[in-house]
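>
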Amino acid sequence: MSLCIVAGSANPNLAEAVAAGVGGVAMRSGLERFPDGELCPVVGPMRGDDVYVLQPTTPPVNEHLMELALLLDACRRAGSTRVTAVVPYFGYARQDRRSRPGQAIGARVVADILAAAGADRIIVVDPHTPGFEATCSIPVEVLTATSVLVTALRNRETSGSVVVAPDLGAVKLAERFAATLGLPVAVVRKSRTSGTSVRAEELVGDVVGRRPIIVDDMISTGATIEATARFLESHGALPQTVVAATHALLLEAAPERLDQLGLARLLVTDTVPPSNDLPILEVCSVAALLSDAIGRLHREEPLDDLARFE
Numbered sequence: 017m018s019l020c021i022v023a024g025s026a027n028p029n030l031a032e033a034v035a036a037g038v039g040g041v042a043m044r045s046g047l048e049r050f051p052d053g054e055l056c057p058v059v060g061p062m063r064g065d066d067v068y069v070l071q072p073t074t075p076p077v078n079e080h081l082m083e084l085a086l087l088l089d090a091c092r093r094a095g096s097t098r099v100t101a102v103v104p105y106f107g108y109a110r111q112d113r114r115s116r117p118g119q120a121i122g123a124r125v126v127a128d129i130l131a132a133a134g135a136d137r138i139i140v141v142d143p144h145t146p147g148f149e150a151t152c153s154i155p156v157e158v159l160t161a162t163s164v165l166v167t168a169l170r171n172r173e174t175s176g177s178v179v180v181a182p183d184l185g186a187v188k189l190a191e192r193f194a195a196t197l198g199l200p201v202a203v204v205r206k207s208r209t210s211g212t213s214v215r216a217e218e219l220v221g222d223v224v225g226r227r228p229i230i231v232d233d234m235i236s237t238g239a240t241i242e243a244t245a246r247f248l249e250s251h252g253a254l255p256q257t258v259v260a261a262t263h264a265l266l267l268e269a270a271p272e273r274l275d276q277l278g279l280a281r282l283l284v285t286d287t288v289p290p291s292n293d294l295p296i297l298e299v300c301s302v303a304a305l306l307s308d309a310i311g312r313l314h315r316e317e318p319l320d321d322l323a324r325f326e
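Just add 16 to the spot in the sequence shown (first one is 1) and you have my numbering.
(1) In chain order, what residues of the same chain have a beta carbon less than 6 Å from the beta carbon of A33, not counting five sequence neighbours either side?
(2) Assuming L30 contacts D286 (C-beta within less than 8 Å), just tell me the rounded distance between them.
(3) List in chain order: all unbroken beta strand (DSSP E) runs of 3+ residues lying wholly within the region 281–316.
(4) In this structure, does DSSP put R208 in helix, strand or coil?
(5) If we ignore side chains and look at the alpha-carbon of each, how far apart do R205 and D183 end up?
(6) Are the CB atoms of V180 and T244 within a distance shorter than 8 Å?
(7) Roughly how many whole angstroms lie between the Cα atoms of L199 and G95?
(8) Which residues does DSSP pair with M43 in a beta bridge?
(9) In terms of residue numbering, what span does the beta strand (DSSP E) encompassing S177 cover?
(10) Rounded to the nearest angstrom, what separates V59 and P146 at their Cα positions?
(11) So the alpha helix (DSSP H) A260 belongs to, where does it begin and stop?
(12) Roughly how many whole angstroms lie between the Cα atoms of G260 and R208?
(13) Beta strand (DSSP E) containing C152: first to last residue?
(14) Taking just the CA atoms, how far does E249 sit from P255?
(15) If distances are taken between C-alpha atoms only, which option among L88, S175, A150 and A161 comes closest to R110?
(16) Look at the Cβ atom of V69, then the Cβ atom of V99, and state whether they are nearer than 8 Å.
(17) Considering only their Cβ atoms, is the gap separating A270 from T237 smaller than 8 Å?
(18) Classify I241 as helix, strand or coil using the three-state DSSP reduction.
(19) I want to know whether the region 114–132 touches the region 272–291 - three or more CB-CB distances under 8 Å.
(20) Could you pull out every residue in the same chain whose Cβ sits closer than 7 Å to the Cβ of R226, ignoring the five residues on either side in sequence?
(21) Taking DSSP's pairing of strands, which residues face I229 in a bridge?
(22) Could you give the distance in angstroms between the alpha-carbon of S115 and the alpha-carbon of L81?
(23) Where does P117 sit, in a helix, a strand or coil, going by DSSP?
(24) Using the beta-carbon count (16 or more within 10 Å), is P51 buried or exposed?
(25) Could you name the residues of the same chain whose beta carbon sits closer than 6 Å to that of G134, not counting the 5 residues immediately before and after it, in chain order?
(26) Give me, in chain order, the residues of the same chain whose beta-carbon lies closer than 6 Å to that of D232; leave out the 5 immediate sequence neighbours on both sides.
(27) Got a sec? Which residues, its chain only, sit under 8 Å from I154 by beta carbon, not counting five neighbours each side?
(28) Is P28 helix, strand or coil by DSSP?
(29) Residues in its own chain within less than 7 Å of V220 by CB, not counting five upstream and five downstream?
(30) Work out the CA separation of T97 and E242 for me, nearest whole Å.
(31) Could you check which residue in C56, S45, P72 and E48 has the C-alpha nearest to that of P290?
(32) Pull up the DSSP beta-bridge partners for I129, would you.
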């Protein structure tokens, strides 16, 4: 059974780097568009292959999700033996529960769509919610980019720093960073006042005279990072904050908002195609992580040291 990497249109550069990592070349799918906006992806021959379709559901989320579902179906109909959806950034992962009556559980709906389209398994990197796997009816491999970002952080002096979780949801992530770097942890409690506005309200931990390393799974509008950085400085932390996050969506005014903070470093990965609007952005590739995971799955080997367990 041959290994085949199929690149969707959301992040073809990452797909090509992953394919190179497993000793191959990514198959670029043809993507036709009908006048009414319908997508019609086309794949090459893959009868009997072990296929990995790489397509993060980055903005525009729904279009990339639909393309992924159609690609999975196309691969199944092309005769592949096994199809894995490699979704480094899974856009609906945060919708894993209802916060009020009348809501859908979006993560479960999307996982069911991918399963119905032909996916035998899903690979994700640092999903927004730790309970993501429980919403899926097919096997999920949850990888973490922590080691990738920690390696980049170690390339600079981190002594005298403190790892900061910008909200309660990032506490476990901050603890993983801190344990690896040998640093203390601080936690900020926030409240969201609107979709683009956040207020930091409480700090647990000592940040006085320390340089913060704020860690999170994703940066969307940048509001959480902005509120946290300013809150920490007002509580005695040193300026020139470092930020490390897996998924850099950088929507709306996020690049300008982050640029005005005077950050020392902004480390992100290429699960989302990197933005050209932010000069301080340092991109750490997850291609080797995904290549390693895909190679092991193809050979039926364990992923224990690559996986994230909460």
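Beta carbons are placed, not taken as given, at the ideal position from N, Cα and C, and that holds for glycine.
Judging by the given coordinates:
(1) Position 17 of the sequence shown holds residue 33. Hits under 6 Å: A303.
(2) On the sequence shown, position 14 is the one that residue 30 refers to. On the sequence shown, position 270 is the one that residue 286 refers to. Rounded, the Cβ-Cβ distance is 5 Å, consistent with contact.
(3) 281–285 and 297–300
(4) Numbered from 1 along the sequence shown, position 192 holds the residue referred to as residue 208. Correct three-state label for R208: strand.
(5) Taking the first residue of the sequence shown as position 1, residue 205 is located at position 189. Taking the first residue of the sequence shown as position 1, residue 183 is located at position 167. Taking the straight line joining both Cα atoms gives about 5 Å.
(6) Within the sequence shown, residue 244 is the residue found at index 228, counting from 1. Within the sequence shown, residue 180 is the residue found at index 164, counting from 1. Cβ distance < 8 Å, so T244 and V180 count as in contact.
(7) Mapped onto the sequence shown, residue 199 falls at position 183. Mapped onto the sequence shown, residue 95 falls at position 79. Each residue's Cα considered, the two are about 51 Å apart.
(8) On the sequence shown, position 27 is the one that residue 43 refers to. For M43, which the question treats as bridged, DSSP gives the partners V22.
(9) What you label residue 177 is simply residue 161 of the sequence shown in a count that begins at 1. Per DSSP, S177 belongs to the beta strand (DSSP E) from S177 to A181.
(10) As a position in the sequence shown, residue 59 is number 43, starting the count at 1. As a position in the sequence shown, residue 146 is number 130, starting the count at 1. Approximately 33 Å between the Cα atoms of the pair.
(11) As a first step, residue 260 is located in the sequence shown; it is residue number 244 there, counting from the start. Per DSSP, A260 lies in no alpha helix (DSSP H) segment; the continuous beta strand (DSSP E) that holds it begins and ends at V258 to A264.
(12) By 1-based counting over the sequence shown, the position of residue 260 is 244. By 1-based counting over the sequence shown, the position of residue 208 is 192. According to the sequence shown, residue 260 is Ala rather than Gly. Near 21 Å, if we compare the C-alpha coordinates of R208 and A260.
(13) Counted from its first residue, the sequence shown places residue 152 at position 136. Premise fails: C152 is in no beta strand (DSSP E) and is neither H nor E.
(14) Position 239 of the sequence shown, counting from 1, holds the residue named residue 255. Position 233 of the sequence shown, counting from 1, holds the residue named residue 249. Computed Cα separation, rounded: 6 Å.
(15) Within the sequence shown, the letter at position 94 stands for residue 110. When only C-alpha atoms are compared, the closest one is A150.
(16) On the sequence shown, residue 69 is found 53 positions in, with the first residue counted as 1. On the sequence shown, residue 99 is found 83 positions in, with the first residue counted as 1. In this structure, V99 lies closer than 8 Å to V69 by Cβ.
(17) Indexing the sequence shown from 1 puts residue 237 at position 221. Indexing the sequence shown from 1 puts residue 270 at position 254. A contact, by the Cβ cut-off of 8 Å.
(18) Reading the sequence shown from its first residue, position 225 is the one you call residue 241. It is helical.
(19) no
(20) In the sequence shown, residue 226 corresponds to position 210, counting from 1. G176, S177, V178, A253 and L254, listed in sequence order.
(21) Taking the first residue of the sequence shown as position 1, residue 229 is located at position 213. Paired residue(s): V179 and V258.
(22) Residue 115 sits at position 99 when you count from the first residue of the sequence shown. Residue 81 sits at position 65 when you count from the first residue of the sequence shown. Those two C-alpha atoms are separated by around 24 Å.
(23) Position 101 of the sequence shown, counted from the start, is the residue given in the question as residue 117. In this structure, P117 counts as coil in the three-state DSSP scheme.
(24) On the sequence shown, residue 51 is found 35 positions in, with the first residue counted as 1. Exposed is the call here.
(25) Numbered from its first residue, the sequence shown carries residue 134 at position 118. Around G134: L88, D89, R92 and V99.
(26) Sequence index remark: in the sequence shown, residue 232 carries index 216 (1-based). For D232, where only same-chain residues beyond five positions count, the Cβ hits under 6 Å are P182, A186 and A261.
(27) For the purposes of this step, residue 154 is identified with residue 138 of the sequence shown, where counting begins at 1. A127, L130, A131, A135, D136, R137 and I138, listed in sequence order.
(28) Along the sequence shown, one-based indexing puts residue 28 at 12. It is helical.
(29) Start at 1 with the first residue of the sequence shown, and residue 220 comes out as number 204. These residues qualify, in order along the chain: A202 and V203.
(30) Taking the first residue of the sequence shown as 1, we reach residue 242 at position 226. Taking the first residue of the sequence shown as 1, we reach residue 97 at position 81. The alpha-carbon atoms of E242 and T97 are separated by roughly 47 Å.
(31) By 1-based counting over the sequence shown, the position of residue 290 is 274. Comparing Cα positions, the closest option is P72.
(32) Translated into positions along the sequence shown, residue 129 becomes position 113. None, per the DSSP bridge assignment.
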